[in-house]
Amino acid sequence: ARPAADATELWARTVPPGSEQQPSVYIDGVANLIGLPADRERLRAMLAALEEKQRLIEILNAYVNTADHAVRVVFDLETQDPGMAGLVLIAAPAQMSGDSTVAILGPKRMNYESAINAVSYIARLLHRIDIGDIAPLSP
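Using the working numbering, the first residue of the sequence shown is number 4, and each one after it goes up by one.
Next up, the structure:
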């Protein structure tokens with residue numbers, strides 16, 4: 004399956020064997036957010052907020068409990084950061100050695116079922132790679 008191959012390839016590129024994990028933020032799919040003219044100003048504000056990666060890590064830590072397996076859906080992110088107004092966080096801990104989170108940050112009108120399923124699937128897949136149930140692809 005292609006999603007499994009993509010996740011194992013990402014794992015192999017970002018977590019080489021024997022390396023220590025540092026807090027990281029990977030951002031992809033930003034171009035999908037500019038589909039409507041009304042979204043351009045919100046995108047500008049969101050990108051300004053995302054430039055502060057440490058702030059994003061703090062937001063994830065505030066809402067995601069890595070000891071829990073549940074997917075969290077968080078509205079009203081503007082209480083943490085005004086630049087996040089109108090956005091929703093969908094996140095799940097990856098249950099890996101170290102604290103890792105898989106998340107989607109998107110507009111409130113997103114397809115929640117697909118986003119929740121994707122976050123949950125990738126988090127479980129990364130856990131299986133971490134415990135050796137699935138071998139990551141070689142770089």
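Even glycine gets a Cβ: it sits at the ideal position worked out from N, Cα and C.
Predicted model, so just to flag it, every value in this text is computed and none were measured.
Collapsed DSSP secondary structure at residue i in the structure displayed
{"i": "Ala70", "result": "coil"}
{"i": "Gly86", "result": "helix"}
Residue i to residue j span [Cα, whole Å]
{"i": "Met87", "j": "Asn64", "result": "16 Å"}
{"i": "Met49", "j": "Thr104", "result": "19 Å"}
{"i": "Leu59", "j": "Leu129", "result": "21 Å"}
{"i": "Asp42", "j": "Ala70", "result": "35 Å"}
{"i": "Met99", "j": "Leu108", "result": "21 Å"}
{"i": "Met113", "j": "Lys56", "result": "23 Å"}
Residue range of the alpha helix (DSSP H) that includes residue i
{"i": "Ala94", "result": "From DSSP, Ala94 is part of no alpha helix (DSSP H) but of the beta strand (DSSP E) over 90 to 96."}
{"i": "Arg127", "result": "115 to 133"}
Integer-rounded CB distance, given that residue j should sit under 8 Å from residue i
{"i": "Val122", "j": "Ile93", "result": "5 Å"}
{"i": "Lys111", "j": "Gly89", "result": "6 Å"}
{"i": "Asp79", "j": "Ile62", "result": "That pair is no contact at about 12 Å."}
{"i": "Ile119", "j": "Val76", "result": "7 Å"}
With 16 other Cβ atoms within 10 Å as the buried cut-off, status of residue i
{"i": "Ile132", "result": "buried"}
{"i": "Ala126", "result": "buried"}
{"i": "Ala95", "result": "buried"}
{"i": "Ala138", "result": "exposed"}
{"i": "Ala106", "result": "buried"}
{"i": "Ala97", "result": "buried"}
Span of the beta strand (DSSP E) around residue i
{"i": "Ala106", "result": "104 to 110"}
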